[in-house]
Each structure stands twice: as structure tokens, then as C-alpha cells.
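Each residue of the sequence shown is one higher than the last, beginning at 1 in full-length UniProt numbering. All C-beta atoms in this analysis are idealised placements derived from N, C-alpha and C, irrespective of residue type, glycine included. These numbers come from a predicted model, not from an experiment. What follows is a set of notes on a single structure, which appears directly below.
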Amino acid sequence: MGWQGKVCELDVDECSQNASLCMQGSTCSNIKGSYICHCSRGFEGLNCEIDENECLSAPCLNNGACNNTIGSFNCACAQNYTGTYCEKELSTSTDLFSGSNNMET
């Protein structure tokens, strides 16, 4: 890796030599003497080999429980909440009807 040639004058294109160098569907960019992996969302590390723990940023709202998954996360929402981040409060029947039993808009 890095350089080749009689006096190490030629840059090795690591990305061309090893298509699977960067993992998890990430992209590889050759730079002088090395390479850089541009990781897909949810992954990190030199070769994008580490699953990022998205739960560390506490993305779930309203007391939702975060579950880290490979490359992503999901929220288990508390009762009466829904949505990707548990951001939506579910309406109850008392919220939907007025005293005259007409649906509110």
C-alpha cells in the first residue's frame, strides 16, 4: 500500500486494487500514499467496519426506548406515542369528539 516503483515515486491506487477495501457500501477515494473511505450512513472506522451506535445521541423522544440496529436504529415508543422518533402523540377518543358527539376538525 502507499507507494511503489524503483524509488517509491508511484502512488498505489488502493481503491482500484481492492474493491472491497471500504465496507458496508461505502465509497473509496485514492489519495497520495493512502486512501479514504466515505462511510455509508450508520457506519464509521477506517474501512467503515464499525456500526455506529445512533442511540448515543438519544434520538427517541417522549421516553421512547432506542434500539441500535446494523447501520440504523429504531424507537420503541411509550404508550400513546408513535412515529420514527416517537414524536407524534396519539389522539384519544375524547380528543376526537366534542360534547355533542360531532367530530372536531
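Start and end residues, beta strand (DSSP E) containing residue i
i, result
"C28", "T27 to I31"
Beta bridge counterpart(s) of residue i as assigned by DSSP
i, result
"residue 142", "Since the first and last residues shown for the chain are 1 and 105, residue 142 lies out of range."
"E87", "Beta-bridge pairing links E87 to no other residue."
"D51", "F43"
"S34", "I31"
"A65", "A76"
Rounded straight-line distance, which links the Cα of residue j to that of residue i
i, j, result
"T82", "I70", "22 Å"
"N30", "C77", "43 Å"
"H38", "M23", "10 Å"
"D51", "F73", "11 Å"
"Q79", "E54", "23 Å"
"E14", "L21", "8 Å"
"A58", "L10", "47 Å"
"N47", "E87", "34 Å"
"A19", "T27", "9 Å"
"C56", "K32", "Position check: residue 56 holds Leu in this sequence, whereas Cys was assumed. Roughly 34 Å separates the two Cα atoms."
"L61", "T84", "9 Å"
DSSP-derived helix/strand/coil call for residue i
i, result
"C22", "coil"
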